[in-house]
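Visitor: Residue numbering for the sequence shown follows our numbering, starting at 51 and increasing by one per position.
Can you keep this structure in mind? I'll have questions shortly.
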Amino acid sequence: MDLLIRDAQLDDAEAILAILNPIIEVGAYTVLTTPFSVEAEREFILHFPQRGIFHVAVCRHKQEIVGFQNIEPFATYNTSAFDHVGVIGTYVSLLCRRQGIGRSLFNATFEAARCKGYEKLFAYVRADNTAALATYLSQGFRIIGTAQRHAKINGRYVDEIMIERAL
Ligand SMILES: CC(C)(COP(=O)(O)OP(=O)(O)OC[C@H]1O[C@@H](n2cnc3c(N)ncnc32)[C@H](O)[C@@H]1OP(=O)(O)O)[C@@H](O)C(=O)NCCC(=O)NCCS
């Protein structure tokens with residue numbers, strides 16, 4: 051697929067949710083449990099941290115957003131100790147998986163992250179999300195631990211795998 055990777059814009063909110071909300075509704079891939087409204091997503095994009103990175107992947111042929119990836123600073127409280135650490139999230143349309151969209155997003159996001167001074171990336175992945183785990187491991191992440199029974203989704207406990215990658 052011929053892709054353009056660019057920064058997310060306010061007007062992408064609806065297209066981003068057309069990817070994210072069906073993934074949330076499946077209930078198998080993310081710890082997010084409640085679909086977002088377009089208004090909430092617009093607020094999220096509008097107030098996205100200045101040091102963050104928010105990329106969308108656009109299929110050039112269809113001129114349609116088919117995936118997105120973001121990095122947010124690790125610390126949400128008042129310290130500079132974690133300025134070099136970003137938390138990464140990746141979402142590709144359920145209809146377009148395994149076509150290299152994730153890989154293209156990672157390439158662009160790693161580059162942008164280095165430019166913004168990040169030195170390492172961190173994420174939690176649901177232990178039952180083997181596709182995501184395989185994807186992150188294929189991108190140089192390594193497993194650093196398991197938070198057991200960390201999420202409780204529809205009454206069922208799910209372990210969370212902690213992963214990291216140096217940039
Ligand atoms: C995880 C996700 C982002 C991967 O995106 P993708 O565009 O399908 O990934 P790519 O096609 O770029 O795959 C890159 C590599 O990752 C690995 N990979 C991806 N999906 C895989 C799967 N289902 N099984 C095994 N390996 C897989 C492979 O090594 C693949 O390379 P290959 O196809 O040449 O063998 C996508 O499956 C997704 O959005 N899942 C739902 C949301 C989610 O789980 N997000 C992660 C939580 S932060």
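Quick reminder that beta carbons are idealized off the backbone N, C-alpha and C, glycines included.
With a Cβ-Cβ cutoff of 8 Å, do I194 and T159 count as a contact?
Guide: Within the sequence shown, residue 194 is the residue found at index 144, counting from 1. Within the sequence shown, residue 159 is the residue found at index 109, counting from 1. Contact: no.
Visitor: Indicate whether the contact test is met: 3 or more Cβ pairs, each with one atom in the segment 109–118 and one in the segment 78–94, closer than 8 Å.
Guide: Judged by Cβ distances under 8 Å, the segment 109–118 makes no contact with the segment 78–94, as fewer than three pairs qualify.
Visitor: Am I right that T217 and Y168 are in contact with their C-beta atoms under 8 Å? What's the rounded C-beta distance?
Guide: One-based indexing of the sequence shown puts residue 217 at position 167. One-based indexing of the sequence shown puts residue 168 at position 118. Looking at the sequence shown, residue 217 is not Thr but Leu. Right, the Cβ-Cβ distance comes to about 6 Å (below 8 Å), so this counts as a contact.
Visitor: Do R4 and ligand 1 come close, with the Cβ less than 7 Å from some heavy atom?
Guide: In the structure displayed, the chain extends from 51 to 217; residue 4 sits before or after that span and is not available.
Visitor: Whose C-alpha, out of R101, L187, D178, K166, is nearest the C-alpha of T80?
Guide: As a first step, residue 80 is located in the sequence shown; it is residue number 30 there, counting from the start. Checked all of R101, L187, D178, K166; the closest Cα to T80 is D178.
Visitor: Assuming the contact rule is C-beta atoms closer than 8 Å, I103 and I66 should be a hit. Round their C-beta distance to whole Å, please.
Guide: Indexing the sequence shown from 1 puts residue 103 at position 53. Indexing the sequence shown from 1 puts residue 66 at position 16. About 14 Å; that fails the 8 Å criterion.
Visitor: Looking only at its chain, what residues have a beta carbon closer than 8 Å to the beta carbon of V137, apart from the 5 residues adjacent to it on each side?
Guide: Here residue 137 corresponds to residue number 87 of the sequence shown, with the count starting at 1. Excluding residues within five positions, the ones whose Cβ falls inside 8 Å are I121, E122, P123, F124, L171, F172, A173.
Visitor: Please work out which residues of its chain come closer than 7 Å, Cβ to Cβ, to P85, disregarding the five sequence neighbours upstream and downstream, and give them in chain order.
Guide: As a working note, residue 85 is residue 35 in the sequence shown. Result list for P85: N71, I74, E75, in chain order.
Visitor: State the DSSP-derived secondary structure class of G139, mapped to helix, strand or coil.
Guide: Here residue 139 corresponds to residue number 89 of the sequence shown, with the count starting at 1. The answer is strand: DSSP assigns G139 an E or B state.
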